[in-house]
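Number of protein chains: 2
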Amino acid sequence: MARPRLHDEALRVRLLDEAGRLLSEEGPAALSMRRLAKDVGTSTTAVYSLYGSKSALVRAVFLEAFGRFGARLDAVPLSGDPLTDLLRLGVAYRESALADPHLYSVMFGQVIPEFEPEPEDTEASLATMNPLVDAVRTALARGLLIPAPAETIAVALWAQAHGLVSLELGGHMPDGFDL
Amino acid sequence: MARPRLHDEALRVRLLDEAGRLLSEEGPAALSMRRLAKDVGTSTTAVYSLYGSKSALVRAVFLEAFGRFGARLDAVPLSGDPLTDLLRLGVAYRESALADPHLYSVMFGQVIPEFEPEPEDTEASLATMNPLVDAVRTALARGLLIPAPAETIAVALWAQAHGLVSLELGGHMPDGFDL
DNA sequence: CCTCGATCCATAACGACGTTTCAGAACCGG
DNA sequence: CCGGTTCTGAAACGTCGTTATGGATCGAGG
Numbered sequence: 001m002a003r004p005r006l007h008d009e010a011l012r013v014r015l016l017d018e019a020g021r022l023l024s025e026e027g028p029a030a031l032s033m034r035r036l037a038k039d040v041g042t043s044t045t046a047v048y049s050l051y052g053s054k055s056a057l058v059r060a061v062f063l064e065a066f067g068r069f070g071a072r073l074d075a076v077p078l079s080g081d082p083l084t085d086l087l088r089l090g091v092a093y094r095e096s097a098l099a100d101p102h103l104y105s106v107m108f109g110q111v112i113p114e115f116e117p118e119p120e121d122t123e124a125s126l127a128t129m130n131p132l133v134d135a136v137r138t139a140l141a142r143g144l145l146i147p148a149p150a151e152t153i154a155v156a157l158w159a160q161a162h163g164l165v166s167l168e169l170g171g172h173m174p175d176g177f178d179l
Numbered sequence: 180m181a182r183p184r185l186h187d188e189a190l191r192v193r194l195l196d197e198a199g200r201l202l203s204e205e206g207p208a209a210l211s212m213r214r215l216a217k218d219v220g221t222s223t224t225a226v227y228s229l230y231g232s233k234s235a236l237v238r239a240v241f242l243e244a245f246g247r248f249g250a251r252l253d254a255v256p257l258s259g260d261p262l263t264d265l266l267r268l269g270v271a272y273r274e275s276a277l278a279d280p281h282l283y284s285v286m287f288g289q290v291i292p293e294f295e296p297e298p299e300d301t302e303a304s305l306a307t308m309n310p311l312v313d314a315v316r317t318a319l320a321r322g323l324l325i326p327a328p329a330e331t332i333a334v335a336l337w338a339q340a341h342g343l344v345s346l347e348l349g350g351h352m353p354d355g356f357d358l
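Those sequence lines, one after another, are chains L and R. When we follow our numbering, the leftmost residue of the first sequence carries the number 1, and every step to the right adds one. When we follow our numbering, the leftmost residue of the second sequence carries the number 180, and every step to the right adds one.
Below, the structure written as structure tokens:
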């Protein structure tokens, strides 16, 4: 009945990839709908017919970023000693954040005014904590930690890592500070 | 020789106050140069002749916010027991952040794309830590903490507080979580 | 094979943003 | 009262997110 569509799933993926690249390599200011469309060789109409809004586009990047982030934490090799694993998870957390600071701030900062994560989106961020909760449970079972709800300890450790990384990325560290 | 200026220090203060109010009550999106000028009853030219740029305006708000934040921490009554004081400082930290989340995110998030703090600006943020460092030193002197550089412990505690508050404000907490 | 009508998409437009320019209003010394 | 200097509001520029539109494009019916 009509022309075949160019604004298809393949283009959706290319847009998502380029959006991630722009964000990661040039920062939040570089990610504009016009720029994105031009870099991918299409028009803003394409982005709007595939995503609907900048907010929805960034949400896709947000979920993608949490996916990769979680994968990196899942990939941390377990040593058998849960306390060692907790330390390794913390190091991996920091390395993942420093490897791509802009994506990290899309996940945890509100760097792009158009996008604010919905409650449903935060489930993706909570899933990131799973390896952490597992290690805490193991440590508790072996009596290596002061007894307390595993989730409480996990959140406290997560906050510690996030706080350190966040201060480091924000430049709020004393000169030449090294933990 | 010429007309007396209306764009004077009094107006500068009124602009700063209104900018803080807009930010605090309506969030970062509400703070535009046009809106600010209109609310104060002047023109954008005034803002530019007094501040030069949005970046500089927000920097002024940033420093003001850190001033108030530091004052709240300085005002925490000391109990004599440094460990109690550390806990109180943490509680005061959280209360200050929750009392004005938008200002907190101007201080520690990059909520306004136009403004990124310079190295000199972070000195203001480090000064906020002084009461914390003092309490840590006292605790160390009394053998209440495992020996380590006071600054290291202080930064770790600060990061813990900042991490918890930051996750809480960002909604990255499990449902009904209470430490 | 050609036309018709349905479908899609790039272009251009709209309002708001940060920032800058500019013409005239406002003032003081003479 | 007037000249010249200083100041200021209004308008202009380019960019942003988003939306409307008119022409281009193709499959089906004759």
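The beta carbon of each residue, even a glycine, is placed where N, CA and C say it ideally should be. Note that the structure is a prediction, hence the values are computed from the model and not measured.
* Asked: Which of the three DSSP states, helix, strand or coil, is assigned to residue 193 (chain R)?
  -> Under the three-state reduction of DSSP, residue 193 (chain R) is assigned to helix.
* Asked: From the beta carbon of residue 103 (chain L), is the nearest beta carbon of chain R less than 7 Å away?
  -> At a cut-off of 7 Å, the C-beta of residue 103 (chain L) has no neighbouring C-beta in chain R.
* Asked: In the structure shown, what three-state DSSP assignment does residue 81 (chain L) receive?
  -> Per DSSP, reduced to three states, the secondary structure at residue 81 (chain L) is coil, with no helix or strand assignment.
* Asked: If we ignore side chains and look at the alpha-carbon of each, how far apart do residue 105 (chain L) and residue 148 (chain L) end up?
  -> In this structure, the CA atom of residue 105 (chain L) is about 31 Å from the CA atom of residue 148 (chain L).
* Report back the beta-carbon spacing between residue 198 (chain R) and residue 236 (chain R) to the nearest angstrom; my notes put them in contact at under 8 Å. => The Cβ separation is near 6 Å, so the contact holds.
* Should residue 221 (chain R) be flagged as near chain L, meaning a C-beta pair shorter than 7 Å? -> No, residue 221 (chain R) lies away from the interface with chain L (no Cβ there is under 7 Å from its Cβ).
* **Reference residue 261 (chain R); option with closest CA among R:203, R:341, R:318** => Nearest of R:203, R:341, R:318 to residue 261 (chain R), Cα basis: R:318.
* Asked: In angstroms, rounded to a whole number, what distance separates the CA positions of residue 257 (chain R) and residue 337 (chain R)?
  -> Distance between the alpha carbons of residue 257 (chain R) and residue 337 (chain R): 18 Å.
* Asked: Sorted by chain position, which residues of the same chain lie with C-beta nearer than 8 Å to residue 24 (chain L)'s C-beta, five sequence neighbours on each side aside?
  -> Correct list, in chain order: 100, 102, 103.
* Assuming residue 243 (chain R) and residue 195 (chain R) form a contact by the criterion Cβ under 8 Å, report the distance between their Cβ atoms to the nearest whole angstrom. => With a Cβ gap of about 7 Å, residue 243 (chain R) and residue 195 (chain R) count as contacting.
* In chain order, what residues of the same chain lie with their CB nearer than 7 Å to the CB of residue 303 (chain R), ignoring the 5 residues before and after it? -> Correct list, in chain order: 242, 245.
* Cβ atoms of residue 223 (chain R) and residue 172 (chain L): under 7 Å apart, would you say? -> No, these two residues do not count as a Cβ contact at 7 Å.
* Quick one: does residue 342 (chain R) have its CB under 7 Å from some CB of chain L? -> It does; some Cβ of chain L falls within 7 Å.
* To do: Can you pull the chain R residues whose beta carbon is under 7 Å from the beta carbon of residue 170 (chain L), in chain order?
  => In chain order: 287.
* Asked: Which first and last residues belong to the alpha helix (DSSP H) in which residue 132 (chain L) is found?
  -> Run containing residue 132 (chain L): 130-141, per the alpha helix (DSSP H) assignment.
* **residue 166 (chain L): contacting residues in chain R (beta-carbon distance under 9 Å)** => Residues of chain R passing the Cβ test: 287, 288, 338, 341, 342, 345.
* Show which residues of chain L have a CB atom less than 8 Å away from the CB atom of residue 208 (chain R). => By Cβ distance, chain L contributes 113.
* To do: Can you pull the chain L residues whose beta carbon is under 8 Å from the beta carbon of residue 358 (chain R), in chain order?
  => By Cβ distance, chain L contributes 152, 155, 156.
* Asked: So, using beta-carbon positions, are residue 132 (chain L) and residue 89 (chain L) closer together than 7 Å?
  -> Using a Cβ distance threshold of 7 Å, residue 132 (chain L) and residue 89 (chain L) count as a contacting pair.
* To do: Name the two residues that bound the continuous alpha helix (DSSP H) containing residue 227 (chain R).
  => Segment 223-229, the alpha helix (DSSP H) holding residue 227 (chain R).
* Short CB-CB distance (under 7 Å) between residue 140 (chain R) and chain L -> This structure does not reach residue 140 (chain R), given that chain R is present from 180 up to 358, and the question cannot be answered.
* Closest Cβ-Cβ distance between residue 304 (chain R) and chain L: below 7 Å? -> With 7 Å as the cut-off, residue 304 (chain R) counts as an interface residue toward chain L.
* To do: Return yes when the Cβ of residue 109 (chain L) is within less than 7 Å of the Cβ of residue 288 (chain R), no when it is not.
  => Yes; because the gap between Cβ atoms is below 7 Å, this pair is in contact.
* **Cβ separation of residue 151 (chain L) and residue 353 (chain R), assumed to be a contact under 8 Å, to the nearest whole Å** => About 6 Å separates the two Cβ atoms, so the contact holds.
* Please state whether DSSP places residue 339 (chain R) in a helix, a strand or coil. => Residue 339 (chain R) falls in the helix class under three-state DSSP.
* Cα-Cα separation, residue 75 (chain L) to residue 107 (chain L) -> Distance between the alpha carbons of residue 75 (chain L) and residue 107 (chain L): 20 Å.
* Just reading off the alpha helix (DSSP H) that residue 357 (chain R) is part of, what are its end residues? -> Counted as a single uninterrupted DSSP element, the stretch harbouring residue 357 (chain R) is not any alpha helix (DSSP H), since DSSP gives it neither H nor E.
* Asked: Would you call residue 207 (chain R) buried or exposed, if buried means 16 or more other Cβ atoms sit within 10 Å of its Cβ?
  -> With 16 or more Cβ atoms within 10 Å of its Cβ, residue 207 (chain R) is classed as buried.
* **DSSP state of residue 56 (chain L) mapped onto helix, strand, coil** => In this structure, residue 56 (chain L) counts as helix in the three-state DSSP scheme.
* **Coarse secondary structure for residue 71 (chain L), derived from DSSP in three states** => DSSP places residue 71 (chain L) in the helix class (H, G or I) of the three-state scheme.
* Where residue 112 (chain L) falls: helix, strand or coil (DSSP) -> Coil at residue 112 (chain L), not helix or strand.
* Does residue 122 (chain L) get closer than 7 Å to chain R when you measure Cβ to Cβ? -> Taking Cβ atoms only, chain R reaches closer than 7 Å to residue 122 (chain L), which makes this a yes.
* To do: For residue 72 (chain L), I'd like the list of residues in its chain whose CB is within less than 7 Å of its CB, leaving aside the five on either flank, ordered along the chain.
  => Apart from sequence neighbours up to five positions away, the residues of its chain that approach residue 72 (chain L) with a beta-carbon distance below 7 Å are 92, 96, ordered along the chain.
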